[in-house]
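Asker:
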Amino acid sequence: MKAQYTRDQFELAKEVIKNHSARAIEKALGFCVSNSLFSAVELRNAAEYFEVRLEKELEQIAEFPKVTLLKPIAATKKRVLCAYEQVVKGGDSS
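Residue 910 in my numbering is what sits at position 84 of the sequence shown, and the numbering runs on without skipping anything.
#1: Hey, Ala866 and Ala848: beta-carbon distance below 8 Å or not?
#2: Is the beta carbon of Ala850 sitting closer than 8 Å to the one on Glu885?
#3: State the DSSP-derived secondary structure class of Arg833, mapped to helix, strand or coil.
#4: Are Val842 and Leu880 closer than 8 Å when you measure CB to CB?
#5: Just to check my reading of the structure: Ala900 and Ala872 have Cβ atoms closer than 8 Å, yes? What is that Cβ distance to the nearest angstrom?
#6: Taking only three categories from DSSP, how would you classify Arg905?
#7: On the DSSP letters alone, give me the boundaries of the alpha helix (DSSP H) that Phe876 sits inside.
#8: Tell me which residue opens and which closes the alpha helix (DSSP H) that Val859 is part of.
#9: If distances are taken between C-alpha atoms only, which option among Phe864, Lys892, Gln912 comes closest to Thr832?
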């Protein structure tokens, strides 16, 4: 590859990294590597695609936050101290 083409590829990749979120770049880079796409233009296209998808996901999360209901914790039975003494001595505490 000619030096001019190499420089252009690196300049475009640098611009893509500057203009997109780290998460979109991470997804785009993974996509390009797994699909043998080794062009800065392909990286840019993938980053733009994933950036839009991530923005839509964030909008959906803001619009419909996931609510997790927790089960109430059952109250523990309180016993007087002498009940534990009976258990240690071998008696029934019920």
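Ideal Cβ placement from N, Cα and C applies to all residues, glycine included.
Answerer: For this structure:
#1: Against a cut-off of 8 Å, the Cβ pair of Ala848 and Ala866 comes out as no contact.
#2: Between Ala850 and Glu885, the CB-CB gap reaches or exceeds 8 Å.
#3: Secondary structure at Arg833: helix, using DSSP grouped into helix, strand and coil.
#4: In this structure, Leu880 does not lie closer than 8 Å to Val842 by Cβ.
#5: Between Ala900 and Ala872 a beta carbon distance of about 51 Å is seen, past the 8 Å cut, so the two are scored as non-contacting.
#6: Reduced to three states, the DSSP call for Arg905 is coil.
#7: Looking at the DSSP string, the run of the alpha helix (DSSP H) that includes Phe876 is 866-889.
#8: It spans 848-860 - the alpha helix (DSSP H) in which Val859 sits, taken as one unbroken run.
#9: Nearest option by C-alpha distance: Phe864.
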